[in-house]
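In the working numbering, the protein residues as written are 3 to 516. Yeah, the Cβ is synthetic: ideal placement off N, Cα and C, and Gly gets one too. What follows is one structure encoded as structure tokens, with my remarks underneath.
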């Protein structure tokens, strides 16, 4: 147990190196090594999490140098939840990708590097090391987005790279301002030093602004969200699911850490403008993200804009800054990862089986692909917030926190977002269950008559879009079906257990707000 914090960060990084080295001798060893690493990671993080929900966090000093001079890893209920979420989701997506692809040793190695970066971000107690892991996460995510076949993936990765680099640079600049003001990088020590310097000091205010805006880019908060729809739509389905479930989620967790562990609620109390900006960003992201999702016809772009709205709820909880709202934010982060990751995987399963990548192609899907339609329907309703799914519990806690803080406009916006979420998901459920399936194409010649340009834009290596390409595509495997059905079941199970989970988080949330 003593070395588990270091092990859960090092294990996927070492697994990545092992995949590349073993692949030089036996190319087929990449898959079993990756699976073995992912399974071991779940076990190791699970063991670590068992001791993380107490009154005091688990602290591990790297190299024997005590904090604040050494690098510290800190595991409490919230960070353990994120690390376990990363481990479980990465294993599930890996099972899906075995059939759906991509399948290559460079892909597996990059995948494990991303797992290591996300895990490191989750448990680091040092702001500079958070930046290092943020960069590992970013670079590997760019590479995975580019792993799709076709120009759309490359263009999406380039846009993601350019915007993501701006976010990382702002975050690093914020660290620099904080270090100039305090002379330390350890989060706990930095918090104490910032209080001594004064929360109204211009350097401290600049550090807060740069750190928060840098993470806004990574979370994809409106209006710095522009990379997200392009990246999610252009990436391979398994990559879209992995990034949507984890990358923005861990970035949002990092935002919670920066605001409450480093700057604390006292900073928000002393700087009313900061809280106002958080509220404004939350409201705009919730409303605009939902409206843009309603206007989409391509499934993956709709899901991407939905994420902009859903992470607005987390911003709302940060702005409210009470125990109820932050508990809701933690539940929503975990729930959103399962629900949105499952929705992306299900959309990929549907595209693999039927070629449908737009809403129009979901007509009569319940007849053609019952498991896929059922999983998508359950996950969609969970995202709307239908009880007892986890989506309901997270939203309920955040809204209740807003009411207790007498932030009535924010509570009304959260309620309105539920109606908007219902608007863009209900139309798909209606098509799947209450419309007739389209007639099969009369001949392959009709598919050939479509322009090459249209085919290039729509497919982009992400799956078939007509009968001819569907015939040559990999069929849906049992592993793919099991993954999407498992995500749907987990969305319900987590909802039932969410109240107990919130109670386990109480010591951690109270420390954040103390």
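* Asked: Cβ atoms of residue 396 and residue 2: under 8 Å apart, would you say?
  -> Examination of residue 2 is not possible in this model, given that the chain is present from 3 through 516 alone.
* To do: Please classify residue 410: is it buried, with 16 or more other beta-carbons within 10 angstroms of its beta-carbon, or exposed?
  => Here the question's residue 410 lines up with position 408 in the chain shown. It counts as exposed.
* Work out the CA separation of residue 483 and residue 363 for me, nearest whole Å. => Stepping through the chain shown from its first residue, residue 363 is reached at position 361. Stepping through the chain shown from its first residue, residue 483 is reached at position 481. The straight-line gap from Cα to Cα measures roughly 19 Å.
* **Three-state class that DSSP yields for residue 477 in the structure shown** => Indexing the chain shown from 1 puts residue 477 at position 475. Under the three-state reduction of DSSP, residue 477 is assigned to coil, being neither helix nor strand.
* With a CB to CB cut of under 7 Å and the five nearest residues on each side skipped, what residues in its chain are close to residue 86? -> Along the chain shown, one-based indexing puts residue 86 at 84. Cβ within range, chain order: 47, 48, 51.
* To do: Please name the residue, chosen from 243, 56, 316, 39, that lies closest to residue 302 on a Cα-to-Cα basis.
  => Taking the first residue of the chain shown as 1, we reach residue 302 at position 300. Minimum Cα distance to residue 302 is reached at 243.
* **The beta strand (DSSP E) enclosing residue 74, as first and last residue numbers** => Your numbering for residue 74 matches position 72 in the chain shown. Secondary structure note for residue 74: its beta strand (DSSP E) is the uninterrupted segment 74-77.
* Asked: When the distance is taken between beta carbons, is residue 315 closer than 8 Å to residue 400?
  -> What you label residue 400 is simply residue 398 of the chain shown in a count that begins at 1. What you label residue 315 is simply residue 313 of the chain shown in a count that begins at 1. Residue 315 sits close to residue 400, with the two beta carbons spaced by under 8 Å.
* Put residue 57 into one of helix, strand or coil per three-state DSSP. => Along the chain shown, one-based indexing puts residue 57 at 55. Looking at residue 57 - three-state DSSP - the assignment turns out to be coil, as it is neither helix nor strand.
* What do you get for residue 348, buried or exposed, if any count of 16 or more other CB atoms within 10 angstroms of its CB means buried? -> Translated into positions along the chain shown, residue 348 becomes position 346. Here residue 348 is buried: its Cβ has 16 or more other Cβ atoms, across all protein chains shown, within 10 Å.
* **Straight-line Cα distance separating residue 55 from residue 376** => Translated into the one-based positions of the chain shown, residue 376 becomes position 374. Translated into the one-based positions of the chain shown, residue 55 becomes position 53. Distance between the alpha carbons of residue 376 and residue 55: 35 Å.
* Pairwise C-alpha distance: residue 416 and residue 201 -> Residue 201 sits at position 199 when you count from the first residue of the chain shown. Residue 416 sits at position 414 when you count from the first residue of the chain shown. A straight-line Cα-Cα distance of about 30 Å links residue 201 and residue 416.
* Quick one: what does DSSP say residue 37 is sitting in, helix, strand or coil? -> In the chain shown, counting from the first residue as 1, residue 37 sits at position 35. Taken through DSSP and simplified to helix, strand or coil, residue 37 comes out as helix.
* Is the stretch 271-282 in contact with the stretch 138-151, if contact means three or more CB pairs nearer than 8 Å? -> They do not touch, by the three-pair rule.
* To do: Identify, in the order they occur along the chain, each residue of the same chain with its Cβ nearer than 8 Å to the Cβ of residue 497, setting aside the five sequence neighbours on each side.
  => Numbered from 1 along the chain shown, position 495 holds the residue referred to as residue 497. Here the set comprises 337, 384, 389, 390, 391, 392, 393, 394, 395.
* Among 237, 218, 209, which residue has its Cα nearest to the Cα of residue 156? -> What you label residue 156 is simply residue 154 of the chain shown in a count that begins at 1. Checked all of 237, 218, 209; the closest Cα to residue 156 is 237.
* Buried/exposed call for residue 107, threshold 16 Cβ in 10 Å -> Locating residue 107 in the chain shown gives position 105, counting from the first residue. That one is buried.
* To the nearest angstrom, how far is it from the Cα of residue 72 to the Cα of residue 28? -> In the chain shown, residue 72 corresponds to position 70, counting from 1. In the chain shown, residue 28 corresponds to position 26, counting from 1. Each residue's alpha carbon lies about 40 Å from the other.
* With 16 other CB atoms within 10 Å as the buried threshold, where does residue 512 fall? -> Mapped onto the chain shown, residue 512 falls at position 510. The residue in question, residue 512, is exposed, as its Cβ has fewer than 16 Cβ neighbours within 10 Å.
* **Chain-order list of residues whose beta-carbon lies under 6 Å from that of residue 94 (same chain, five-residue window excluded)** => Translated into the one-based positions of the chain shown, residue 94 becomes position 92. Only residues of its own chain outside the window of five on either side were considered, and among them 485 have a CB closer than 6 Å to the CB of residue 94, listed in chain order.
* Whose C-alpha, out of 262, 264, 239, 227, is nearest the C-alpha of residue 250? -> Within the chain shown, the letter at position 248 stands for residue 250. The candidate whose alpha carbon is nearest that of residue 250 is 227.
* So, helix, strand or coil for residue 501, using DSSP? -> Here residue 501 refers to the residue found at position 499 of the chain shown. Three-state result, residue 501: helix.
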